[in-house]
Each structure stands twice: as C-alpha cells, then as structure tokens.
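Following: one structure in structure tokens, then a few remarks.
Numbering (the numbering used here), first residue to last: 9 to 669.
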C-alpha cells in the first residue's frame with residue numbers, strides 16, 4: 009500500500025475534512041482587498057526599499073486581526089472560510105521580485121529595470137544600450153530623467169507588464185489547481201504546513217464568534233511569544249535604525265556565521281545557525297523524519313566537504329570566506345550539478361509512487377475495497393472540471409509562447425514551448441510533491457539560464473523575454489488550505505479576479521508616487537542603495553554570457569558526472585530505505601538537504617528533538633501536533649503585528665526627519 013508511513017498518517021489527520029463547504033468571498037473580502045491595496049502596499053514598498061524585507065506575516069495577520077476585531081465590536085461573526093480568504097488576499101503582498109526583496113505588485117519589476125538600464129554595471133559591461141525598449145525606456149529617455157510613468161516610452165513596457173500579470177495568474181490557477189488535484193486528491197499527500205494556516209484561521213474565527221476553545225488559547229500563547237521575541241529581533245533594530253546611523257541588533261539577523269571560526273577543522277563547510285526563533289518552532293511542525301533526513305544531509309556535508317576540498321573538487325574555496333561566499337562557490341564547484349540530479353530523482357520517485365498507488369487502487373477494487381484518494385472529490389467543494397484549469401494553463405502558456413516569438417523572433421520557438429509544456433509542469437510537480445510530503449520548497453536551479461546559454465543565442469534581449477518557466481507547486485498547498493478551511497474553489501477564483509485589477513492599479517499608483525519622491529535607489533532608500541548595485545553586477549554577468557560565453561558562471565558550475573552521481577545516489581538511497589521499510593520521509597528530507605545551508609536545519613532539528621522527546625510523550629502525538637500548528641500560526645501573527653508596528657513608527661520617523669522645520 010502506498011504512503012503507509014505512520015507520521016504521514018498523523019499529519020494527514022491533523023484536521024478533519026470539512027463536511028460542508030461555503031463561499032468565503034463576500035463584502036469583507038472586497039473591503040479587505042481595498043485595504044491591502046491602498047494601506048498595506050505602500051508599507052510593503054517602503055520596507056523593501058529601506059530594509060530589504062517584505063511585510064510577509066505582518067500583512068496577513070494584521071489584516072485578519074483588524075477585521076476580526078471590527079467584526080466582534082460590530083456583533084458580526086467571521087467564519088474560518090472568510091478569515092482564510094482575507095489571509096490569502098493579504099498574503100499576495102509577500103510576493104518578491106527576482107530575489108530583490110521587492111514587494112508591491114506588478115510594477116516592482118519595472119522599477120528595477122529603470123535602475124538597471126542606467127546602472128554603472130550595465131554601462132560598464134556595455135549592455136545598457138542593448139536592453140530592449142519593450143522592457144524599459146532607453147537610458148537617456150526623459151521618462152527616466154523625470155521619474156514618471158506618464159510618458160510614451162512607457163506604453164509598451166506597461167502593456168507587457170499588465171499582460172504578463174494576467175497571464176501569470178492564469179498559469180497560477182491552471183497549473184496550481186491541477187497539481188492540487190494530483191498531489192492532494194489522488195496521491196493523498198499530507199501537506200503538513202497547510203494545517204498551520206488552517207488552524208490559525210479556525211482560532212481567529214472562534215475568537216470572532218466568542219466561542220474560544222483551546223485553539224485560541226494556544227494561538228494567543230504563540231502570539232505573545234512572537235511579540236516578545238519580535239520586539240528584540242525586529243523592533244529594536246527597526247526603531248534604532250531611524251534614530252541612529254546604524255541599527256542596534258541585539259540578536260544578529262538573520263544568522264550567526266561560524267564559518268571562519270570552524271574553517272580550521274571544517275574547511276569549505278558553511279557553518280552557523282539562524283537566530284529567528286521561528287526556525288525552532290517550525291521544527292515542531294515539520295515531519296520529524298523529514299527534519300532528520302535534512303540533518304543527516306547537513307552532517308554528511310560537514311564530513312564530505314573537507315574531503316572534497318582536499319581532493320581538489322571544492323577548489324574555489326579559500327580560508328577567510330564567509331557563509332555566503334563559501335556556499336556560492338561550493339554550489340559552483342559541486343552541489344549545483346548534484347542538486348539537479350537529486351531533484352530529477354525526486355521526480356522519478358514521484359512518478360513511481362503514482363504508479364504504486366494506481367496499482368494498489370486496482371488491487372483494492374478487485375478485492376472490493378474502497379481505496380483512499382483518487383480523482384473523485386466532494387461535490388460540495390465546488391470543484392471545476394479539470395478541462396477548465398488545464399485549458400486556462402494551456403491558453404496562458406500559448407500566450408507566452410506567442411509573445412516570446414514576437415519579442416525575440418531569433419530564439420528557437422520549440423525551446424520556449426518546451427518550457428511551457430514540459431519543464432514548467434515537471435518542476436511544478438516536483439515542488440508540489442516535496443511540499444506535500446515535507447512542507448519544504450524544492451526547485452531545479454538554473455534550468456532557464458543553462459538553456460539560454462546552451463542554445464547558442466547571441467544577444468541580451470532573451471534574458472528579458474517572458475519565457476514561460478514557472479514553478480507553481482506551492483499553489484497546491486494553498487488549495488489544500490482552502491479545502492481545510494471549508495472554502496469552495498470559486499471563493500479563491502473570485503478573490504483572484506478582484507485582486508488582479510486592484511493590485512495592478514495600486515502598484516502603478518504607489519510605485520509612481522515613491523519614485524517621484526526620490527530616485528530609486530538613493531540615500532532615502534538605504535537597502536536599495538547598498539544592494540541594487542551588487543544585484544545589477546550579478547545580473548550583468550548572466551547577460552554577458554550570451555555575448556561572451558566563456559565568462560558564464562554556468563559553464564563553471566555544470567558537471568554531467570556529478571549530476572548523474574546525484575541522481576543515482578538519491579535513487580539508491582530511496583531504494584535502500586524502501587527495502588529496509590524505514591520512514592520514506594527520510595529520503596525526501598535528505599534530498600531537501602542536498603547543498604543547502606545548515607543554518608536553518610540546525611535550529612529546526614533542535615525543535616524537532618524537543619517535539620519528539622518532550623512534548624509528544626507529554627501530550628501525545630496527535631494532540632501535540634495540533635498544538636504545534638496553532639502555536640506556529642500564533643507566533644507568525646505576533647511577529648507580524650510587531651513588524652507592522654515597527655514599520656509604522658519608522659515611516660513616521662522618516663517623514664518627520666524629512667520635514668524642513
């Protein structure tokens with residue numbers, strides 16, 4: 009029988025399947041969308057430019073707390089379905105653009121492009137003049153000098169931005185919903201982190217109706233822990249950053265780097281640990297054997313890396329390098345290729361598990377048994393026929409293919425189609441399955457970059473083309489939370505249709521406003537001023553690889569032998585664990601741990617050990633995991649509320665400091 013691991017069964021049963029499904033979209037969601045767009049988005053933009061952070065949980069939980077408190081004082085209750093739709097709408101602010109800590113909707117990318125085309129890096133590399141005008145106006149355009157979107161040079165970039173946003177949401181829904189049907193309905197994966205949001209929504213809904221149960225008590229405990237820790241971790245640095253030239257960090261953010269301290273006994277090993285208490289609390293929630301697997305991989309790296317260094321494989325590392333440099337060069341020398349092989353092995357395992365399940369279901373039917381999981385869904389859930397989401401994805405993918413063919417006609421159209429209909433579904437499935445099993449994101453790195461470079465294409469315009477390379481496996485978990493909170497599928501569809509125009513309009517308004525206040529980047533936006541030049545340099549190196557391939561980072565990183573070795577090793581470990589009947593989550597944890605930093609794994613392992621050997625013996629496995637999911641949701645809420653308060657004070661402080669009197 010497929011998926012008989014007791015721990016998987018535990019997570020699968022953390023929340024009862026709702027018997028009734030309702031439409032959580034209504035007047036509250038409409039007001040919430042407007043609140044998020046016109047109140048939260050400016051804060052998200054400011055925080056990204058000043059501190060390099062997104063609002064994250066602050067936007068989500070602050071919005072929910074505000075609306076539930078208003079509901080209580082208005083003698084109106086909010087169902088958990090309504091609470092989650094609000095959560096989902098607010099969570100849209102947490103989207104980041106290209107790893108630049110930019111939030112704020114569709115025009116965040118346009119703001120980066122206006123800087124890049126005029127950056128010293130782009131000019132120095134000779135590529136500034138080669139950036140297509142359908143991406144951003146030319147460097148000498150009056151539109152950039154006057155810092156305004158209201159100029160003819162912006163017409164085509166804005167139209168492409170809006171069109172890309174619409175196609176992107178079609179992709180998200182079409183492929184995301186399809187992955188949910190495969191991994192949650194058919195494969196019946198547990199999605200351990202889905203219960204966190206669902207339990208948090210349930211706790212706040214109970215508080216709204218004044219029917220407070222253990223969920224609200226545990227949620228409140230987690231929130232207070234988050235508030236106290238957040239004051240030290242986020243509040244003090246944010247406030248002192250306004251009053252002083254340098255912020256005061258009582259606890260180093262985001263980690264304590266021990267790489268240079270341990271380099272004499274552990275050469276080429278990035279060593280340290282995350283200082284965010286949330287990493288330990290996550291260890292309470294993540295399946296124990298998945299954490300153990302990742303920890304084994306981390307320990308294995310600590311043993312193997314010095315050997316690889318002495319053998320000359322990790323040949324770029326030098327004493328004195330910090331965590332970031334050590335990790336980067338180790339990836340180039342070895343782990344990039346191994347990680348690609350291991351990721352492909354995860355896909356093979358997934359397809360094999362699907363085959364096993366199909367075989368088991370067939371045998372169960374022959375015995376007259378009812379198999380768990382399958383394509384049948386609860387009628388009340390309001391699911392759409394599969395041809396609708398598949399058609400949505402196919403239409404959007406074809407739109408991307410046609411758009412790329414128009415914008416970059418010299419690039420092979422079959423490669424673009426391959427990304428749309430092969431690589432993106434393949435990678436999304438790998439990620440959806442990893443999230444469904446362990447709650448952790450997994451992507452195959454540098455596939456797009458490798459394809460562009462190996463294609464032999466000459467020019468920089470292809471790097472700006474809307475190539476349909478997507479990894480929307482995380483959407484499967486969002487649909488699972490939607491189900492656990494008793495929402496009909498159309499609730500989310502309606503929310504998407506409402507959010508899309510609001511987010512586009514608000515993004516256009518507020519990015520234009522912030523840009524008019526001061527150049528971006530500038531001294532008014534210190535994080536952008538410090539980090540954007542470095543990002544432009546790194547981006548420029550990729551762009552020049554299709555002009556001078558010998559300078560490409562990828563050519564240094566790719567090694568076919570290492571990739572095959574990673575693939576064979578992962579499959580061999582999977583086969584060995586299966587033969588020994590050991591927890592299959594162990595193999596997924598090991599694959600997840602390939603080549604990643606130990607900094608988050610170490611505190612997560614501490615949390616997992618505390619959970620497994622203290623709390624579970626005291627409360628029982630199922631009861632404690634229920635407590636842990638609600639506690640984690642409360643902690644996230646507390647940190648979010650503290651973060652929002654700190655941002656508000658920082659905005660006031662910055663405003664006062666700019667006044668002329």
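Glycine included, every Cβ here is placed at the ideal spot set by N, Cα and C.
**Prompt:** Out of 368, 320, 367, 305, which has the shortest C-alpha to C-alpha gap to residue 599?
**Reply:** 305
**Request:** Return yes when the Cβ of residue 177 is within less than 8 Å of the Cβ of residue 504, no when it is not.
**Result:** yes
**Asked** Which of the three DSSP states, helix, strand or coil, is assigned to residue 236?
**Response** helix
**Prompt:** DSSP on residue 108, reduced to helix/strand/coil?
**Reply:** Here residue 108 scores only 47 on pLDDT, less than 50, and its place in the model is too uncertain to base an answer on.
**Prompt:** Does the stretch 293 to 309 come within contact of the stretch 259 to 269, defined as at least 3 CB pairs closer than 8 Å?
**Reply:** no
**Prompt:** When the distance is taken between beta carbons, is residue 578 closer than 8 Å to residue 440?
**Reply:** no
**Message:** Taking only three categories from DSSP, how would you classify residue 280?
**Reply:** strand
**Prompt:** Between the Cα of residue 641 and the Cα atoms of 292, 455, 436, which residue gives the shortest distance?
**Reply:** 292
**8 Å CB neighbourhood of residue 259 in its chain, flanking five on each side removed** = 240, 241, 283
**Message:** Checking the sheet assignment: what are the DSSP bridge partners for residue 495?
**Reply:** 30
**Prompt:** Where does residue 135 sit, in a helix, a strand or coil, going by DSSP?
**Reply:** coil
**Request:** Using a threshold of 8 Å, state whether the C-beta atoms of residue 468 and residue 551 are closer than that.
**Result:** yes
**Request:** Can you have a look at residue 518 and say buried or exposed, based on whether 16 or more other CB atoms are within 10 angstroms of its CB?
**Result:** buried
**Prompt:** Using CA coordinates, which residue listed in 88, 50, 192, 133 is at the minimum distance from residue 546?
**Reply:** 133
**As assigned by DSSP and simplified to three states, the class of residue 550** = helix
**Asked** Considering only the beta carbon of each residue, do residue 516 and residue 115 sit closer than 8 Å?
**Response** yes
**Asked** Can you list, in chain order, the residues of its chain whose CB lies under 6 Å from that of residue 138, leaving out five sequence neighbours each side?
**Response** 468
**Request:** Return the residue from the list 414, 93, 28 that minimises the CA-CA distance to residue 470.
**Result:** 414
**Request:** Inspect the beta-carbon positions of residue 330 and residue 267 and report whether they are closer than 8 Å.
**Result:** yes
**Request:** Thinking residue 444 and residue 191 are a contact (beta carbons under 8 Å), I'd like their distance in whole angstroms, please.
**Result:** 4 Å
**Item:** Of the residues 210, 202, 189, 432, the one placed nearest residue 394, counting alpha carbons only
**Value:** 189
**Asked** Which of helix, strand or coil does DSSP assign to residue 604?
**Response** coil
**Status (buried if at least 16 other CB within 10 Å, exposed otherwise) for residue 403** = exposed
**Prompt:** What number of angstroms, rounded off, separates the C-alpha of residue 150 from the C-alpha of residue 159?
**Reply:** 8 Å
**Request:** Express the C-alpha separation of residue 412 and residue 106 in angstroms, rounding to a whole number.
**Result:** With a pLDDT of 44 at residue 106, under the threshold of 50, the predicted position of this residue should be treated as unreliable, though the coordinate-derived value follows. Rounded to the nearest angstrom, the two C-alpha atoms are 19 Å apart.
**Message:** Please state whether the Cβ-Cβ distance between residue 97 and residue 37 is less than 8 Å.
**Reply:** yes
**Asked** What first and last residue would you give for the beta strand (DSSP E) that runs through residue 471?
**Response** Unbroken run through residue 471: none, as it is neither H nor E.
**Prompt:** Is residue 422 helix, strand or coil by DSSP?
**Reply:** helix
**Asked** So, are the CB atoms of residue 685 and residue 484 less than 8 Å apart?
**Response** Shown here, the chain extends from 9 to 669; a query on residue 685 therefore has no answer.
**Where residue 193 falls: helix, strand or coil (DSSP)** = helix
**Request:** Measure the alpha-carbon distance for residue 30 versus residue 502 and round it to whole angstroms.
**Result:** 13 Å
**Message:** To the nearest angstrom, how far is the alpha carbon of residue 418 from that of residue 322?
**Reply:** 38 Å
**Request:** Measure how close the beta-carbons of residue 511 and residue 100 come, nearest whole angstrom, since I'm counting them as under 8 Å.
**Result:** 7 Å
**Message:** Taking DSSP's pairing of strands, which residues face residue 264 in a bridge?
**Reply:** 281
**Request:** Output the distance between the C-alpha atoms of residue 588 and residue 275, rounded to the nearest integer angstrom.
**Result:** 34 Å
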